[in-house]
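S.K.: Structure incoming, see below.
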Amino acid sequence: MTSARSVTRSAPSSVQATSIASSLLTVQTQGRGFTDLTREVAAFIAEARAREGALTLFIRHTSASLTIQENADPSVLVDLTTALSRLAPENAGWTHDTEGPDDMPGHIKTMLTQTSLQVPVLDGRLALGTWQAIYLIEHRARPHRREVVLQFIGANQ
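In the numbering used here, the protein residues as written are 1378 to 1534.
Dropping the structure here:
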């Protein structure tokens, strides 16, 4: 059990949501793997002049997904790709293979990960941790053009 002395919380702050800003981020993937979107997402927050609120990201596909993961050690992304491949291998005898043997595993990997994320925006910046980045995960072997909807709701500067 955690002692109450080891938990702290800042005082609540509030702002009135006065702004909704949206943008469509188009990403050309290189095939299976992770694409770091953090810089582009931060640029959207800056252009929207976002101060305090929430950013929602939503990917408009069923065989690619979004995640927040470590950005310091690239081997983390390699291991995550390996883990997803083990959870949904291409050679498992799937009945849905219209677009190839990686199609159904791509759908399963998307179901196991996320199609949307929400990131707080505090003082005009994404409230990500020191070693966190926002990634698009391409689950298909060949390159694809993917779309991610960005939407900030909150107060502007």
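The beta carbon of each residue, even a glycine, is placed where N, CA and C say it ideally should be.
Taking 8 Å as the cut-off, does the region 1401 to 1420 touch the region 1438 to 1455 (at least 3 CB pairs, one atom from each stretch)?
M.R.: They touch, by the three-pair rule.
S.K.: Whose CA, out of S1400, E1447 and A1465, lies closest to the CA of I1422?
M.R.: Here the closest residue by C-alpha is S1400.
S.K.: Mapping DSSP to helix, strand and coil, what is A1532?
M.R.: Looking at A1532 - three-state DSSP - the assignment turns out to be strand.
S.K.: Taking R1428 as the reference, which of V1498, S1387, I1445 and A1419 has the closest Cα?
M.R.: Selected option, being the one with the closest Cα: V1498.
S.K.: Between which two residues does the alpha helix (DSSP H) holding P1497 run?
M.R.: Not the alpha helix (DSSP H): P1497 falls in the beta strand (DSSP E), residues S1493 to L1499.
S.K.: So, does the region 1503 to 1511 touch the region 1389 to 1406, judging by three or more C-beta pairs under 8 Å?
M.R.: Result no; under three Cβ-Cβ pairs closer than 8 Å.
S.K.: Below 8 Å between beta carbons: does that hold for L1432 and S1493?
M.R.: Result no, Cβ atoms of L1432 and S1493 do not sit closer than 8 Å.
S.K.: For E1467, I'd like the list of residues in its chain whose CB is within less than 8 Å of its CB, leaving aside the five on either flank, ordered along the chain.
M.R.: Around E1467: P1478, D1479 and P1482.
S.K.: Under 8 Å between the Cβ atoms of H1473 and T1439?
M.R.: No, the pair does not count as a contact, with Cβ atoms beyond the cut-off.
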